[in-house]
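A.B. asks: Protein sequence lines, in the order shown, are assigned to chains F and L. When we follow full-length UniProt numbering, the leftmost residue of the first sequence carries the number 1, and every step to the right adds one. When we follow full-length UniProt numbering, the leftmost residue of the second sequence carries the number 1, and every step to the right adds one.
Protein chains: 2
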Amino acid sequence: MANTKRLCTLVLRLMAVAATLSAAVVMATSHERSNVLGLSFEAKYNHTPAFRYFVIANAIVTVYGFLVLFLPSKSQLWRLVVALDMVLTILLTSGISAALAIGSVGRHGNSYAGWLPICGQVPKYCDQVKGALIASFVGLLIYAVLLLYAIHNALDPLFLHKT
Amino acid sequence: MANTKRLCTLVLRLMAVAATLSAAVVMATSHERSNVLGLSFEAKYNHTPAFRYFVIANAIVTVYGFLVLFLPSKSQLWRLVVALDMVLTILLTSGISAALAIGSVGRHGNSYAGWLPICGQVPKYCDQVKGALIASFVGLLIYAVLLLYAIHNALDPLFLHKT
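(1) Taking the beta strand (DSSP E) that F/His152 belongs to, which residues open and close that run?
(2) On the criterion of 16 or more Cβ atoms from any shown chain inside 10 Å, does L/Asn46 qualify as buried, or is it exposed?
(3) What does DSSP give as the partner residue(s) for F/Leu39 in the beta ladder?
(4) Is the shortest distance between the beta-carbon of L/Lys5 and the beta-carbons of chain F less than 8 Å?
(5) Which ranges would you report for the alpha helix (DSSP H) in the stretch 9 to 89 of chain L if only whole runs of at least 4 residues count?
(6) According to the neighbour-count rule (16 or more other Cβ atoms, all chains shown, within 10 Å of its Cβ), is F/Asn35 buried or exposed?
(7) Using the beta-carbon of each residue, which ones in chain F are nearer than 7 Å to L/Arg79?
(8) Pick out whichever of L/Leu67, L/Asp85, L/Ser73, L/Lys124 has its Cα sitting closest to the Cα of residue 225 of chain F.
(9) Check the Cβ-Cβ distances between F/His31 and every residue of chain L, and say whether any is below 8 Å.
(10) So with Cβ pairs under 8 Å, would you call L/Tyr125 a contact of chain F?
(11) For the 8 Å Cβ check, are there 3 or more pairs between the stretch 121 to 131 of chain F and the stretch 19 to 39 of chain F?
(12) Quick check: the stretch 71 to 82 of chain F against the stretch 73 to 89 of chain L, are at least 3 beta-carbon pairs closer than 8 Å?
(13) Just to confirm my understanding: we take F/Cys8, look at its own chain, exclude 5 residues before and 5 after, and list those with CB closer than 6 Å. What are they?
(14) Whole angstroms is fine: what's the gap from F/Ala16's alpha carbon to F/Phe137's?
(15) Taking DSSP's pairing of strands, which residues face L/Asn110 in a bridge?
(16) Alpha carbon to alpha carbon, what distance is there between F/Leu69 and residue 166 of chain F?
(17) Under a three-way DSSP split, which group does F/Gly95 fall into?
(18) Let me confirm a value: L/Ala2 is counted as buried when at least 16 other C-beta atoms fall within 10 Å, else exposed. Which label applies?
(19) Whose CA, out of F/Ala43, F/Gly109, F/Arg52, lies closest to the CA of F/Leu92?
This is how it looks when you write it as structure tokens:
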């Protein structure tokens, strides 16, 4: 039973690393050149601070997730991992939310502020950003599940074991 | 000792409620009318989905924080509060990050996407948004401290009590 749980956790963590790594790579490689009214126009992730932050956040979470994979299962450090999981989940949430907010202006624009949507001109770039956001969101969900599971184990908030 | 800790937690939670409440109110009342090239132009928080989300997130966290204030100190529900604190901290992080990303485009613009800054036209509105973001960030910091403290108590990740 304990081994199955450990294996489940390991598989989830491996999936989280894959998700945040692909999010960082897909976002960092996203660029498209387009011509608008004769003017050449390039869309690149590093033109937008929120997307740069997204890549950095996903890269940090990937490196952390990768290192945790090599932690021996009997290590006392697992207790520290819960606290670090929480901090990095917050970092990931913040990166996704910022990128999603900007991505949504890119797709829908904001007529009140006079910001025009750009996805019509650079659809491939927008799809790539969307893919990165989805991958990162999958990573976030996995970390949220791991965290809630750790809290459940440590504190039993729903009183499933004791009454 | 236990009473001092309980009082500290209560004061922190009271401060968090005040912070998220003022963030929601300041953001929800932010609006400014301005004339640009003879055209009347109104900036309002509900013109921007990210700001609406920010207000909703802060309102939810305020109501939750307010209810938790009335939880008896001996209640077994405090264990559930840790899990709920985590979920609401993630919600708050996401609201702040999205609003900050849009606020930053409002202040600095994004020349690559052709989005012009609007804070020159509506400085009062921008200052109000900034105030709301700062208040909400204070609330977030308090919840992060409460969460790390709960994890520390439950799991002792830094091995301060046991070796």
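C-beta atoms are modelled at their ideal positions from N, C-alpha and C, and glycine is treated no differently.
C.D. replies: The relevant details are as follows:
(1) Sequence index remark: in the first sequence, residue 152 of chain F carries index 152 (1-based). Looking at the DSSP string, F/His152 is not in any beta strand (DSSP E); the run it does join, the alpha helix (DSSP H), is 123 to 155.
(2) Residue mapping note: residue 46 of chain L aligns to position 46 of the second sequence, counting from 1. It is exposed - the Cβ of L/Asn46 has fewer than 16 other Cβ atoms within 10 Å.
(3) On the first sequence, position 39 is the one that residue 39 of chain F refers to. For F/Leu39, DSSP records a beta bridge to F/Val36.
(4) Locating residue 5 of chain L in the second sequence gives position 5, where the first residue counts as 1. So no, L/Lys5 is outside the interface.
(5) 49 to 69
(6) As a working mapping, residue 35 of chain F is identified with position 35 in the first sequence. Exposed, by the Cβ-count rule.
(7) In the second sequence, residue 79 of chain L corresponds to position 79, counting from 1. Near L/Arg79 (Cβ distances below 7 Å), the residues of chain F are Leu155, Asp156, Pro157.
(8) Residue 225 of chain F is absent from the structure shown; chain F starts at 1 and stops at 163.
(9) As a first step, residue 31 of chain F is located in the first sequence; it is residue number 31 there, counting from the start. Answer no: the Cβ-Cβ gap between F/His31 and chain L never drops below 8 Å.
(10) In the second sequence, counting from the first residue as 1, residue 125 of chain L sits at position 125. For L/Tyr125, the answer is no, since every Cβ of chain F falls outside 8 Å of its Cβ.
(11) yes
(12) no
(13) Here residue 8 of chain F corresponds to residue number 8 of the first sequence, with the count starting at 1. For F/Cys8, where only same-chain residues beyond five positions count, there are no Cβ hits under 6 Å.
(14) The residue given as residue 16 of chain F occupies position 16 in the first sequence. The residue given as residue 137 of chain F occupies position 137 in the first sequence. Spanning the two alpha carbons is a distance of roughly 10 Å.
(15) Taking the first residue of the second sequence as 1, we reach residue 110 of chain L at position 110. Note: L/Asn110 sits in a beta bridge opposite L/Trp115.
(16) Since the first residue shown for chain F is 1 and the last is 163, residue 166 of chain F is missing from the structure and cannot be characterised.
(17) What you label residue 95 of chain F is simply residue 95 of the first sequence in a count that begins at 1. Three-state result, F/Gly95: helix.
(18) In the second sequence, counting from the first residue as 1, residue 2 of chain L sits at position 2. Flag for L/Ala2 reads exposed.
(19) To locate residue 92 of chain F, count along the first sequence from 1; it is residue 92. Nearest option by C-alpha distance: F/Arg52.
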